[in-house]
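Trainee:
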Amino acid sequence: MAAGILDGLNPAQRDAAATIEGPVLILAGPGSGKTRVLTQRIAYMLSEAQPRIDAYNILSVTFTNKAAREMKERTEKLLVKYLGQENSAAKRLTLGTFHSFCVRVLRQDANYIGLDRNFAIYDDDDQTALVKSSLNSLGLSDKQYSPRACLSMISSAKNTLQEPRQFREVAQTYFEEIAARVYERYQELLRTNRALDFDDLIGQTIRLLRENKEVLERYQERYRYIMVDEYQDTNHAQYQLIHALADKYQNLCVVGDENQSIYGWRAADIRNILNFESDYPQAKVIALEQNYRSTQTILDAATAIIAANTQRKDKALWTENESGRPIQVFEAYNEMEEANYVVGEIDRLQVRGEFKPKDVAVLYRTNAQSRALEEMFIRRGIPYQLIGGTRFYERKEVKDALAFLRLIQNPYDSISFTRIITNTPAGKGIGPRTLIDLSQWANQMSLPIYVALQLLQSQEADKQTRRNAGEPEESNEEDLLPPLNVAPKIRNALLDFVNLLEAFIRARGEMTLLELFDYVMEKSGYELSLRDGSEEGEERWHNVQELRTVCQEYNHMPGNDALPAFMEDVALVADVDKFNPDADAATLITLHAAKGLEFPVVFIVGLEEGILPHSRSLENENQLEEERRLLYVGITRAKNRLYLVYAFRRSLYGGQNIPTKPSRFLLDLPSQLVKGYQQAPTGSPHGGRGTGSRDTLWGTDVNRTNWGNTTKPAPAKPAALSKPATPTRPAATGNISLKFKAGEKVLHPKFGKGMVVSSRISGNDEEATVAFEGQGIKKLMVSLANLQKI
DNA sequence: TGTCCCAATCGGCTA
DNA sequence: GATTGGGACA
């Protein structure tokens, strides 16, 4: 091979990039140059491979838009470099997320399975709302049966490709039977609304391919070369989809790392990657084991953490990088001191000229942890960017504004309809009572609400004509239809609404997306109602304006194409998509969202039992392994410096400070990698603390780890910041015996009589789950709750 | 119908 | 500590 695209790759990488035909499994450890291999592989296929491959025949699937965009850009660059400016091959590639790929297929071929191409895409909120109406229309209370719990069952059924009927057959518990009924109704409602939820995007695409051989063959012929990134995160449905497409040519290249599988809760199935070799016995397996990212020390720490997991393939990461600084472990007093330590360190690194804020990421398990950090960043004037939290597209005003556009595209979308009626002035005069009347009326006639409204409109027009012609107002025709019994005022409000909607739909064909947006915001009165003069109102309007800016990007498209393209993109954006590596600011991000990113300096905070590992994962060994992988992902984001931080006390739900216990994962860190590590602390390691200056407080040598020895009571710890001093950490917490056990009857001063469902140790306390007569299930901390056995 | 206030619940990660 | 949903009231 002549000097070319694969130069500069190591032998394993080169092998991975140059193996084009047949099934390939690339096991890519963190920092092993995975993206580089993937992009060079595509470039190689297009420019050097024999036979040369047409970009049109390549499908590359990732999980985030960001990853897709990055691959596209990098591939383009390579192609320009090797094939010259003129080359347009990259534009012919199909490169996207699972969801965007499926949306494209369905917009093209939805008619084969009887779906409207203009389908709306329902996000989490929409889904929950629809589950609620499913419950209600079955005469079930959404308080008795949690819509979210139903939804999660429906979702997992969909992710394992179970139709409502099949799900009903395997339903075991009473609640599962309820969920099965809800699932069935939910699907009916989706259909009436001409909408698909996220899971359907995959599921319906599979249905399309399974039920239509010629469609399947068309896609198989087109996509002869398929690549899947982050294969460890695929769920069963995605697995089936990929395997159906690859079935004919078997040129399937999957890339992944089972140690970075952190989406089990989203039904990702780690077995997909673990079993690839048995799925394709002739598969070529290539391990990328050289790490180019991290120091030896950081890599050793990551290896030590992950070694305890059982669900993994053997591979050994190594690096030629220097050993680097030891890992800094720090115990803070509480979440505020934790934040202060982190921000103080970032400041110090900056002052010393070692790193800039943009080099730093602070990673945490839960979004709620970001608040204390944010406050401290603001207080100390260090720039930061927060990824996640309340997402832009989940803001109420943004969703409201979007609901207008969604309804214009698909007027059958009852969720958007209801949203506009209840939240915006366009629905003034129409309340919940009327909505029920209206939908019942529509139901009697078996018409969608939109059509029922149109009927109302034409009845009104008829009346008008007859009035003008001097005829009696009532006609025989109308008597055949059930009447809508509402006050004339309300009838007019409904007519105003449908007239407005029709005007919007007409406008769509006559203006650009941007003009349409402005038109809708003004005509609906939504702009005026938001900008009520309050600061908050302006802030909201500002967010709507930000959405307007997004519309602008679609202005080059013909009016009728722009809207669906816009809706599709909007429905599928993720938080990380916003991450800006060039901003001169530290990054605050969850461990999940940080996957795929890297930073010179990484802080992982909240390394406590109940947070990482998360309390909801403590009972299940598989979930614990996933928590461990999550930490592994976090550690391996770091290039040069790694800080692991935990707090001695933490307040949850804005409640009191609860003492915490350092994460069990810390115990797996080899002591020689950690700064200030003490296997068995002797004497007081905290000399002078609390009385000294800030410098000694936040210096690197005030590392007071006392984990590693849990049998010995930890020494008292003076208060930091303004918090009052607290007593010593309660003596060894290893084995508090449980006071309550399942089945026991108890009495609570407020909730009355109940029965213990379960009880477990949580922090230094016992948490009992109790079902109270008529009060439902409550979780109580035994030390606080004054529970008595009866 | 709309609005305000209180309580219950939440805060686990997300295409 | 913030959001949301229901009930009371205008």
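For what it's worth, the UniProt record's numbering labels the leading residue of the first sequence as 1, then goes sequentially.
By construction, the Cβ of each residue, glycine as well, lies at the ideal position given by its N, Cα and C atoms.
Just so we're clear, the structure is a prediction, and the values are computed from it rather than from any experiment.
1) Closest to Q187 by CA distance: which of D200, R616, F175, I178 is it?
2) Given a cut-off of 7 Å, decide if V329 and V601 are closer than it, judged by their beta-carbon atoms.
3) Answer with buried or exposed for N560, where buried requires no fewer than 16 other C-beta atoms within 10 angstroms of its C-beta.
4) Looking at the unbroken alpha helix (DSSP H) that takes in V215, where does it start and where does it end?
5) Which of the three DSSP states, helix, strand or coil, is assigned to A307?
6) With a threshold of 6 Å, establish whether the CB of V360 neighbours any heavy atom of the ligand FMN.
7) Which residues in the same chain as N786 place their Cβ atom closer than 8 Å to its Cβ, once the five residues preceding and following it in sequence are excluded?
8) Under 8 Å, with one C-beta from each stretch per pair, do the region 435-452 and the region 208-228 reach the 3-pair mark?
9) So what does DSSP say about S671, is it helix, strand or coil?
10) Distance, Cα to Cα, L386 vs A339?
11) Straight-line CA distance for S156 to D54?
12) Determine the extent of the beta strand (DSSP E) in which D496 is found, giving its start and end residues.
13) Ignore the nearest five residues each way along the sequence and tell me which others in E230's own chain have a CB closer than 7 Å to its CB.
14) Please report the residue range of the beta strand (DSSP E) in which L644 lies.
15) For A179, does the count of other Cβ atoms within 10 angstroms reach 16, so buried, or fall short, so exposed?
16) How many Å lie between R14 and K66 at the Cα?
17) When DSSP labels each residue in this structure, what does S294 get in the three-state scheme?
18) Give me the DSSP bridge partner(s) of P662.
19) Does the Cβ-Cβ distance between Y632 and A302 come in under 7 Å?
20) Between the region 318-338 and the region 265-282, do at least 3 Cβ pairs fall closer than 8 Å?
21) Checking 7 Å against the spacing of the C-beta atoms, do A562 and D413 come in under that value?
22) In angstroms, rounded to a whole number, what distance separates the CA positions of A493 and L447?
23) Counting only the same chain and skipping the five closest in sequence on each side, list residues whose C-beta sits under 7 Å from that of F417.
24) Since N235 contacts A287 with CB under 8 Å, what's their CB separation in whole angstroms?
25) Less than 7 Å between the beta carbons of V351 and L547, yes or no?
26) What residues in its chain sit with their C-beta under 6 Å from that of G4, if we drop five residues either side in the sequence?
27) May I ask you to report which of helix, strand or coil DSSP gives L363?
28) Whether or not the region 126-144 and the region 420-430 are in contact is what I'm after, with contact meaning three or more pairs of Cβ atoms, one per stretch, closer than 8 Å; do they touch?
29) Determine contact between the region 634-649 and the region 605-612, defined as no fewer than three beta-carbon pairs at a distance below 8 Å.
30) Check for me: the beta strand (DSSP E) holding K284 runs from which residue to which?
31) Which residue marks the beginning of the beta strand (DSSP E) containing F330, and which one marks its end?
32) Between L618 and M557, what straight-line distance do the alpha-carbon atoms span, to the nearest angstrom?
33) Excluding the five sequence neighbours on either side, which residues of its own chain have a C-beta within less than 6 Å of the C-beta of D126, listed in chain order?
34) Helix, strand or coil for residue 791? Go by DSSP, reduced to three states.
35) Give the straight-line distance between the Cα atoms of K523 and K489, rounded to the nearest whole angstrom.
36) If you follow the alpha helix (DSSP H) that Q440 is part of, which residue opens it and which one closes it?
Mentor: Working from what's here:
1) D200
2) No, they are not a contact pair.
3) exposed
4) 213-222
5) coil
6) Absence of the ligand FMN from the depicted structure is noted, as is the absence of any ligand whatsoever, leaving it without description.
7) So the qualifying residues of the chain are H748, P749.
8) no
9) helix
10) Cα-Cα distance, rounded: 14 Å.
11) 37 Å
12) Careful: D496 lies outside any beta strand (DSSP E), inside the alpha helix (DSSP H) at 488-510.
13) So the list reads T62, F63, G256, once near-sequence residues are dropped.
14) Element bounds for L644: 638-647.
15) buried
16) 25 Å
17) In this structure, S294 counts as coil in the three-state DSSP scheme.
18) E608
19) yes
20) No: the two stretches stay apart, fewer than three of their Cβ pairs being nearer than 8 Å.
21) No, these two residues do not count as a Cβ contact at 7 Å.
22) 20 Å
23) Once the five neighbours on either side are set aside, the close Cβ partners of F417 are L407, I449.
24) The Cβ separation is near 24 Å, so there is no contact.
25) no
26) Around G4: E48.
27) strand
28) no
29) As far as the Cβ criterion goes, the region 634-649 touches the region 605-612, which means the pair count is three or higher.
30) 284-288
31) 327-332
32) Each residue's alpha carbon lies about 51 Å from the other.
33) Cβ neighbours of D126 within its own chain (closer than 6 Å, five residues either side excluded): I415.
34) In the structure as shown, the chain begins at 1 and stops at 790. Residue 791 is therefore absent and cannot be evaluated.
35) 20 Å
36) Run containing Q440: 432-444, per the alpha helix (DSSP H) assignment.
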